[in-house]
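One structure below.
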Amino acid sequence: MANYYVFLGPPGAGKGTQAKVIAEKLHLAHISSGDIFRENLSKKTELGKQAQEYMNRGELVPDGLTIDMIKERLQRPDCADGAILDGFPRTPAQADALAVMLKELHGEVMAVPLITVPDGLILERMSGRVSCRASGHVYHTKYNPPAVAGICDVDGSELYQREDDKAETVQKRIDVYHAQTAPLIEYYSKADLVKEVDGTLEIDQVTGQILSAMKSK
Ligand code: ADP
Ligand code: AMP
């Protein structure tokens, strides 16, 4: 039986930061739907072209496109023992599709850490976020700065501000989270999988809380 973990929380909560550290620690695959879309955007694939406008507007990419993409990704061998899902599912329809996929893969959602941060903190998190072009490493200019400004500590690549982290798009993304993604809290609560974690703590402390939440089933 393969173990899957769904990291839930608003944009800027720290899902990607935590998923990267914890996936490495637990030797699990880290599947970030946003990273996969951004990779497709930069490679100008058909999927990237279809996703671009939605992403730049701060809207969700349609469920059909997103589900097909994740289905393909979860079938790869590195997910055979399980994975951390970061940014997927984001709608109840995606969660239903995930349940079907995991049945086929003999897998199970073991826990859903919900990283909470108040809306008021999100803009500050996003405005300081810089991301690496090569492999999606994430920093914050104030809270988690790279050793050399503008350069990724891990692979030396250039850091950039995401198009959708500009202030005008961030509010839209927060609204979309509350309207379309927050219903997943109830969805997964029915199976008693949701474990709330305080995302305002220091990065290491949040990691500790999530690791305990992942063990608690
Ligand atoms: P998400 O994947 O949920 O959108 P990220 O992991 O990209 O969020 O984090 C958003 C921003 O906040 C990044 O700049 C990251 O460095 C920073 N960040 C993440 N966790 C914390 C934390 N616990 N305290 C302060 N800043 C954080
Ligand atoms: P993220 O990197 O998780 O912040 O996602 C960035 C953007 O990619 C989102 O604002 C959406 O436009 C798109 N996206 C990522 N994951 C999904 C998903 N599961 N469903 C729909 N759109 C998504």
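With our numbering applied, the sequence shown corresponds to residues -18 to 198, in that order.
Where is the CB? At the ideal position from N, CA and C, for every residue including glycine.
query, result
"Could you check whether the region 127 to 134 touches the region 36 to 43, counting it as contact only if at least three pairs of C-beta atoms, one from each stretch, sit closer than 8 Å?", "no"
"To the nearest angstrom, how far is it from the Cα of G(-7) to the Cα of L104?", "8 Å"
"Considering just the uninterrupted stretch of the beta strand (DSSP E) at V111, what are its terminal residues?", "R110 to C113"
"Where does the unbroken beta strand (DSSP E) through T162 begin, and where does it stop?", "No beta strand (DSSP E) holds T162; DSSP gives it neither H nor E."
"Identify, in the order they occur along the chain, each residue of the same chain with its Cβ nearer than 6 Å to the Cβ of L28, setting aside the five sequence neighbours on each side.", "N21"
"Compute the minimum distance between the beta carbon of R110 and the heavy atoms of the ligand ADP, and state whether it is under 7 Å.", "yes"
"Can you give me the start and stop residues for the beta strand (DSSP E) that N(-16) sits inside?", "A(-17) to F(-12)"
"Nearer than 7 Å: is that true of the beta carbon of T188 relative to any heavy atom of the ligand AMP?", "no"
"Buried or exposed: which applies to Q75, given that a residue is buried once 16 or more other Cβ atoms fall within 10 Å of its Cβ?", "buried"
"Do V42 and the ligand AMP come close, with the Cβ less than 7 Å from some heavy atom?", "yes"
"Looking at Y124 and the ligand ADP, is the gap between the Cβ and the nearest heavy atom below 7 Å?", "yes"
"Per the contact definition of three or more C-beta pairs closer than 8 Å, is the region 54 to 72 in contact with the region 3 to 13?", "yes"
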